[in-house]
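**Student:** Got a structure here, written out as structure tokens. Questions coming.
There are 2 protein chains.
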Amino acid sequence: MDQITLSHGSGGEETNKLIEELFYKYFNNDILLQKNDSSIIDKINGKIAVTTDSFVINPIFFKGGDIGKLSVCGTINDLAVSGATPLYITVAFIIEEGFLLSDLEKIVKSIGNTAKYAKVKIVAGDTKVVDRGKCDKIYINTTGIGVIKDNDYEPKVIDIKQGDKIIVSGSIGDHGTSIMTQREFFEVDSEIKSDCACLNYLIIDMINASKNIKIMRDPTRGGLANTLKEIVISTNKSMILNEEDIPIKDDVKNFCEMLGLDPLYVANEGKLVCIVSQEESDKVLEAMRKNKLGKDASIIGEVINDINANLYIKTTLGATKILQMAHGELLPRIC
Amino acid sequence: MDQITLSHGSGGEETNKLIEELFYKYFNNDILLQKNDSSIIDKINGKIAVTTDSFVINPIFFKGGDIGKLSVCGTINDLAVSGATPLYITVAFIIEEGFLLSDLEKIVKSIGNTAKYAKVKIVAGDTKVVDRGKCDKIYINTTGIGVIKDNDYEPKVIDIKQGDKIIVSGSIGDHGTSIMTQREFFEVDSEIKSDCACLNYLIIDMINASKNIKIMRDPTRGGLANTLKEIVISTNKSMILNEEDIPIKDDVKNFCEMLGLDPLYVANEGKLVCIVSQEESDKVLEAMRKNKLGKDASIIGEVINDINANLYIKTTLGATKILQMAHGELLPRIC
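Line order of the protein sequences matches chains A and B. Basically this note's numbering = 1-based index in the first sequence + 6. Basically this note's numbering = 1-based index in the second sequence + 6.
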């Protein structure tokens, strides 16, 4: 038996076998091994952060990662940018009948390794199998629980003011572009790798450097432009970006140009953008650059005095454009 | 625009519109409206229970419920049978391109109403859209967070001993049978309704009646037999059921007979089975029967002295059979 069958999702003997022989092998921890309808975890001493995300990426294995690694990093990052220490995640699979057990094992192993790296425990899980053609190989939902302790840093979005600096942790557009080059119908021979990574340790370094980080976000779907535009809308403050300061790899730039895409709107899975007071921006930048995941961090713009609540970009040619919220969808299932 | 398009899952303008106009309309609460990558909830004063479940049921609307109601009840029940008070849930959608927005609204409304009834807040969400043919209409993941306070009841599985009574809260097999009769290829004209319901208030009544409930479980996939067999395996205690005491509706019995199915293995979504000390079993039974969801509760068997760790059933004909863990799968996507 080298494929997933419907009986693996029936809740019977085969489901139990899958849980015991595969999931417990890579997700082993005291909480999961309670084997109850709910897992009981200890008191959490602080405010609790919660986030959920489903991953439907295609292809499921890609340069720089796989759907398993992505599903852990994505949720860890949503917790960490909110100032929370990630503690626990749940993992729920929807698997297509006929999926290779060897591929499932690769993914489960990848989830286990990434969770271990990020120091989160997988505390609950679920497996559903759907008939052939009712899903595309495998979809994964992860829900994350983190803690914000009493004296922990918490973002202070309301403090955002003119002169605050916008910092991005590295080159943008890598993830989305990488995934696109690996879609069957593109057949592009490219070395662009997804930036898929857990940002929690980078964020610890940043918070240790300054308590004046006013907001952090991970620019996934919709890319850097959408993420900043959302901040502009919610804070009612205008911002301006300097195009020449935004790190974009040549490969990414070229591929996007070829397709008429703007890398500012392309998904990232291992980058963050933050807004920091002018005075402490160099300190934060320095801390970021010392971490491998922030070595290409750059100040890319600032909050300006403008009543229109717009996101502007000063292009390399010297013109100033307004960036809007993305609409439409070039390519689905990028994450 | 009356259908879901890929752009609804892009993270851009259309996603935001869906969130603002549909999700916030029915899921409105202070925590969700933080609109952050993670939602920050207050300290939880007690141990925390966590569970996750994906729902891939077909059909998505059925007699007695829909995928929305089911996805809330299922997770609420997993928390409640563990002795936890359900507090928060997350809701993540995977939607097929072309899905009717009116159907989505029905489901979202149903989720909102069920959550309100069960007094849980929807604290985080996610929406992914996959291309046509890459999912079957809609799949939903819910993850639940509950609390077990210091003086709350907690199941004491290790105390299970000979003479303890097995109580089921009502007729079994309703959900699975109902779903089967509503599958296109059966074309059976039946009035069997799913028992889909949130059991948290029934469980409060039970716990108030007795602190000697040793385990509670909701017999979903795999049905009553599988759930009890799992308890037999994990406790190493044998049990015997009396077939004539197990409440099964005539319609359910007839339909199952026609298909050669055993209702003991058919899924329930609004029933629980518990093991209670002999002395307090009548008290618990009485409390259950006073609640609408437990009005047909019955003592169906007991824990016996037998070293083989088997689940037995005494049939109406007087014979004693061993019930095994289910294997294989008659019909997928029953929940």
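Even glycine gets a Cβ: it sits at the ideal position worked out from N, Cα and C.
(1) If you draw a straight line from the C-alpha of A:Ala315 to the C-alpha of A:Ala325, how long is it?
(2) Residues in the region 128 to 139 of chain A with C-beta within 9 angstroms of chain B's C-beta atoms, listed in sequence order?
(3) Taking 9 angstroms as the threshold (beta carbon to beta carbon), is B:Ala203 in contact with chain A?
(4) Please report the straight-line C-alpha distance between A:Gly169 and A:Ser283, rounded to a whole angstrom.
(5) At which residues does the alpha helix (DSSP H) containing A:Val114 begin and terminate?
(6) Have a look at B:Asp165 and B:Gly80 and give me their C-alpha separation to the nearest angstrom.
(7) Using a Cβ cut-off of 9 angstroms (strictly closer), state whether B:Met344 contacts chain A.
(8) How would you label B:Asp158, buried or exposed, when you count the other beta carbons within 10 angstroms and need 16 or more for buried?
(9) Which residues mark the beginning and the end of the alpha helix (DSSP H) in which A:Asp292 is found?
(10) Could you please give the first and the last residue of the uninterrupted alpha helix (DSSP H) stretch that includes B:Asp257?
(11) Let me know if B:Met264 comes out buried or exposed under the rule of 16 or more other beta-carbons within 10 Å of its beta-carbon.
(12) Can you confirm whether A:Cys141, when its beta carbon is compared against all beta carbons of chain B, has any partner nearer than 9 angstroms?
(13) Under a Cβ-count criterion, where at least 16 other Cβ atoms within 10 Å of its own Cβ denotes burial, should B:Asp132 be classed as buried or exposed?
(14) Please name the residue, chosen from A:Leu28, A:Tyr207, A:Thr233, that lies closest to A:Arg223 on a Cα-to-Cα basis.
(15) By alpha-carbon positions, which one of A:Thr11, A:Val129, A:Ser77, A:Gly52 ends up nearest to A:Arg138?
(16) Under three-state DSSP, which class holds A:Ser13?
(17) Examine chain A for any beta-carbon lying closer than 9 angstroms to the beta-carbon of B:His181, and answer yes or no.
(18) So, does the CB of B:Arg189 fall closer than 9 angstroms to a CB anywhere in chain D?
(19) The alpha helix (DSSP H) that contains A:Gly152, what's its start and end?
(20) Have a look at A:Ile209, A:Ile73, A:Lys53, A:Ser16 and flag the residue whose alpha-carbon is nearest the alpha-carbon of A:Ala303.
(21) Could you check what DSSP says for B:Ala273 in three-state terms: helix, strand or coil?
(22) Considering only residues of the region 169 to 197 of chain A, which uninterrupted alpha helix (DSSP H) runs meet the minimum length of 4 residues and lie entirely inside it, listed in chain order?
(23) My output table needs one value for B:Gly131: the three-state DSSP class, helix, strand or coil.
(24) List the residues that DSSP assigns as beta-bridge partners of A:Ile46.
(25) At the 9 angstroms Cβ level, is B:Val87 part of the contact set with chain A, yes or no?
(26) List, in chain order, every chain B residue whose beta-carbon is nearer than 9 angstroms to that of A:Thr321.
(27) Give the straight-line distance between the Cα atoms of A:Lys3 and A:Lys199, rounded to the nearest whole angstrom.
(28) Please say whether B:Ile63 and B:Leu76 have beta carbons closer to each other than 9 angstroms?
(29) Just the chain A side, please: which residues come within less than 7 angstroms of B:Gly118 by C-beta, in chain order?
(30) Could you round the C-beta distance between B:Ile151 and B:Glu160 to whole angstroms and report it? I think they count as a contact, below 8 angstroms.
(31) Can you look up A:Ala98 in the DSSP assignment and give me helix, strand or coil?
(32) Which first and last residues belong to the beta strand (DSSP E) in which B:Asn248 is found?
(33) At the 9 angstroms Cβ level, is A:Thr91 part of the contact set with chain B, yes or no?
(34) Take B:Gly74 as the anchor and find which of B:Ala121, B:Thr91, B:Thr57 has the nearest alpha-carbon.
(35) Using the Cα positions of A:Asp288 and A:Glu249, report the straight-line distance between them to the nearest angstrom.
(36) So with CB distances below 8 angstroms, who are the chain A contacts of B:Thr96?
**Tutor:** In terms of the structure at hand:
(1) Taking the first sequence and counting its residues from 1, the one referred to as residue 315 of chain A is at position 309. Taking the first sequence and counting its residues from 1, the one referred to as residue 325 of chain A is at position 319. C-alpha separation (whole angstroms): 19 angstroms.
(2) Val129, Ala130, Gly131, Asp132, Thr133, Lys134, Val135, Val136, Asp137, Gly139: these are the residues of the region 128 to 139 of chain A whose beta carbon lies less than 9 angstroms from some beta carbon of chain B, given in chain order.
(3) Here residue 203 of chain B refers to the residue found at position 197 when the second sequence is read from its first residue. It does not; no Cβ of chain A falls within 9 angstroms.
(4) Mapped onto the first sequence, residue 169 of chain A falls at position 163. Mapped onto the first sequence, residue 283 of chain A falls at position 277. Near 7 angstroms, if we compare the C-alpha coordinates of A:Ser283 and A:Gly169.
(5) Numbered from 1 along the first sequence, position 108 holds the residue referred to as residue 114 of chain A. A:Val114 -> alpha helix (DSSP H) spans 107 to 124.
(6) If you number the second sequence from 1, residue 165 of chain B lands on position 159. If you number the second sequence from 1, residue 80 of chain B lands on position 74. C-alpha separation (whole angstroms): 27 angstroms.
(7) Residue coverage of chain B in this structure runs from 7 to 341, which leaves residue 344 of chain B outside it and unanswerable.
(8) The residue you call residue 158 of chain B lines up with position 152 of the second sequence. Result: exposed.
(9) Within the first sequence, numbered from 1, the residue matching residue 292 of chain A stands at position 286. With the sequence shown as reference, residue 292 of chain A is identified as Glu, and Asp is not the correct amino acid for it. Counting along the chain, the alpha helix (DSSP H) containing A:Glu292 begins and ends at 284 to 296.
(10) Here the question's residue 257 of chain B lines up with position 251 in the second sequence. Counting along the chain, B:Asp257 sits inside the alpha helix (DSSP H) bounded by residues 256 to 265.
(11) Your numbering for residue 264 of chain B matches position 258 in the second sequence. Of the other Cβ atoms in all chains shown, fewer than 16 fall within 10 Å of the Cβ of B:Met264; this residue is therefore exposed.
(12) Translated into the one-based positions of the first sequence, residue 141 of chain A becomes position 135. Yes, A:Cys141 counts as interfacial toward chain B.
(13) The residue you call residue 132 of chain B lines up with position 126 of the second sequence. The Cβ neighbour count for B:Asp132, taken over all protein chains shown within 10 Å, is at least 16; the residue is labelled buried.
(14) For the purposes of this step, residue 223 of chain A is taken as residue 217 along the first sequence, with counting starting at 1. Closest option to A:Arg223, Cα to Cα, is A:Thr233.
(15) Here the question's residue 138 of chain A lines up with position 132 in the first sequence. Nearest Cα to A:Arg138 within the set A:Thr11, A:Val129, A:Ser77, A:Gly52: A:Thr11.
(16) The count along the first sequence starts at 1 and reaches residue 13 of chain A at position 7. The three-state secondary structure of A:Ser13, taken from DSSP, is helix.
(17) By one-based count along the second sequence, residue 181 of chain B stands at place 175. With 9 angstroms as the cut-off, B:His181 does not count as an interface residue toward chain A.
(18) In summary, chain D is missing from the structure at hand, where the protein chains are A and B.
(19) The residue given as residue 152 of chain A occupies position 146 in the first sequence. Taken as a continuous stretch (DSSP letters only), A:Gly152 belongs to no alpha helix (DSSP H), being part of the beta strand (DSSP E) at 144 to 154.
(20) Numbered from 1 along the first sequence, position 297 holds the residue referred to as residue 303 of chain A. The residue with the shortest Cα to Cα distance from A:Ala303 is A:Ile209.
(21) Along the second sequence, read from residue 1 onward, the residue named residue 273 of chain B stands at position 267. Assignment of B:Ala273 by DSSP, reduced to helix, strand and coil, places it in the coil class.
(22) Within the region 169 to 197 of chain A, the complete alpha helix (DSSP H) runs of at least 4 residues are 180 to 187.
(23) As a working note, residue 131 of chain B is residue 125 in the second sequence. It is a strand residue.
(24) In the first sequence, counting from the first residue as 1, residue 46 of chain A sits at position 40. DSSP, once it has assigned bridges, lists B:Ala55 as partnering A:Ile46.
(25) If you number the second sequence from 1, residue 87 of chain B lands on position 81. Cβ-Cβ to chain A under 9 angstroms: yes for B:Val87.
(26) Position 315 of the first sequence, counting from 1, holds the residue named residue 321 of chain A. For A:Thr321, no chain B residue has a Cβ inside 9 angstroms of its Cβ, as the nearest lies near 22 angstroms away.
(27) A query on residue 3 of chain A cannot be resolved here, the shown segment of chain A reaching from 7 to 341 and no further.
(28) The residue given as residue 76 of chain B occupies position 70 in the second sequence. The residue given as residue 63 of chain B occupies position 57 in the second sequence. Yes, the Cβ-Cβ distance between B:Leu76 and B:Ile63 is below 9 angstroms.
(29) Here residue 118 of chain B corresponds to residue number 112 of the second sequence, with the count starting at 1. Listed along chain A, no residue sits closer than 7 angstroms to B:Gly118 by beta-carbon distance, the nearest being about 17 angstroms off.
(30) As a working note, residue 151 of chain B is residue 145 in the second sequence. As a working note, residue 160 of chain B is residue 154 in the second sequence. With 8 angstroms as the limit, B:Ile151 and B:Glu160 do not qualify as a contact, their Cβ atoms being about 17 angstroms apart.
(31) In the first sequence, residue 98 of chain A corresponds to position 92, counting from 1. Strand.
(32) Numbered from its first residue, the second sequence carries residue 248 of chain B at position 242. 244 to 248 is the extent of the beta strand (DSSP E) around B:Asn248.
(33) Indexing the first sequence from 1 puts residue 91 of chain A at position 85. The Cβ of A:Thr91 sits no closer than 9 angstroms to any Cβ of chain B.
(34) Here residue 74 of chain B is taken as the residue at index 68 of the second sequence, counted from 1. Among B:Ala121, B:Thr91, B:Thr57, the Cα nearest to that of B:Gly74 is on B:Ala121.
(35) Locating residue 288 of chain A in the first sequence gives position 282, counting from the first residue. Locating residue 249 of chain A in the first sequence gives position 243, counting from the first residue. Their backbone Cα atoms lie some 19 angstroms apart in a straight line.
(36) Counted from its first residue, the second sequence places residue 96 of chain B at position 90. Result: Val56, Thr57, Thr58, Thr149.
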